[in-house]
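Here is the structure we will look at.
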Amino acid sequence: MNDLVRQRQIIELLRDRPFASVRDLQEHLGVSAATVRRDIDKIDEAGGARKVYGGISALDGAAQGTAFARPYDENRDLAVEPKRLIAELAATMVGDGDAVIVNGGSTCFHLGVKLADRNVRLFTNSMPLAGYLGEHGKCSLTLAGGELHREPRVIYSPSQPINFYASKFFLGAQGISPDGLLESHPLMVRSIQELSHNADQIVVLADSRKFSIHARNVALPLTRLAMVITDDGLSDQHAKMLESAGIALRIASNGGGT
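For the sequence shown, the positions run 1 to 258 when full-length UniProt numbering is used.
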């Protein structure tokens, strides 16, 4: 059993109980105390639960069970058609010769694929997208510097300056609420905040599921966002939330974007 599978099992266990001790988890998972403690540290860092003396505690209220980010490979296979349509619409907003930043994440990967053969300058911190563009792309490609983080599949280091400036910063989100753009992984929060200063406009690519997902950290307030591109499953309530914040809204559908 790999690390991510164990950590998901711990999160599932906490749906039914408020606390699990290190000993409980050893017996449940069949691993050593040291392995359990490492898993607890990872889950606490990602915001999926809270590390406490002797074990791990479930988050309170609505955040419980939703704050832990899915592994990249698992998230990649969810809502594939809405993500593809959102990426197609986003690609129409990139002009010939533009410089763009494309963040890590599965929806942004689809956008990067759409831009692969375009005459654009593209910066990304996404390991999967960098691999694809390196093999199949013709666009000018600049990669983030720093350490490779296998989850959430991004390259990042706080000590590496970002010497790339773009007209648009395209990014996804774990969740969207009146508080802003939500992420549970602290690394993603830091990376998003730093990249946001290097573009004229911030454009969020998020399928409509993301408006009902709660996560621990606000990466950016709504006031920083220029546009959100989503699918036609968006509720009127959430559309009004974006419009009230002055955010341009585009809807991607099989019949074309609006």
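Where is the CB? At the ideal position from N, CA and C, for every residue including glycine.
The structure displayed is predicted, hence computed values, not measured ones.
| task | Output the boundary residues of the beta strand (DSSP E) element that contains Met227. | result | That run of the beta strand (DSSP E) goes Met227 to Asp231.
| Are the Cβ atoms of Thr223 and Ala245 separated by less than 8 Å? | Cβ distance < 8 Å, so Thr223 and Ala245 count as in contact.
| query | Using the C-alpha atoms, what's the distance from Arg37 back to Asp98? | reply | Spanning the two alpha carbons is a distance of roughly 47 Å.
| Stretch pair the stretch 15-32 + the stretch 43-59: three plus CB contacts closer than 8 Å | Contact holds between the stretch 15-32 and the stretch 43-59, because three or more Cβ pairs, one in each stretch, are under 8 Å apart.
| said: As an exercise, report each continuous alpha helix (DSSP H) stretch of at least 4 residues that is fully enclosed by the stretch 75-113, in chain order. | reply: The stretch 75-113 contains these whole alpha helix (DSSP H) runs: 80-91.
| said: Quick check: what's the CA-CA separation for Ile213 versus Ala173? | reply: Ala173 has its alpha-carbon roughly 10 Å from the corresponding atom of Ile213.
| request: Return the bridge partner residues of Gln201 from the DSSP annotation. | output: Answer is Lys168.
| field | Three-way DSSP call (helix, strand, coil) for Asn254 in this model | value | The answer is coil: DSSP assigns Asn254 none of H, G, I, E or B.
| request: Inspect the CB distances between the stretch 80-96 and the stretch 33-52 and report whether three or more fall short of 8 Å. | output: With contact defined as three or more Cβ pairs closer than 8 Å, the stretch 80-96 and the stretch 33-52 are not in contact.
| Rounded straight-line distance, which links the Cα of Gly30 to that of residue 260 | The requested residue 260 does not occur in the structure, where the chain is confined to residues 1 to 258.
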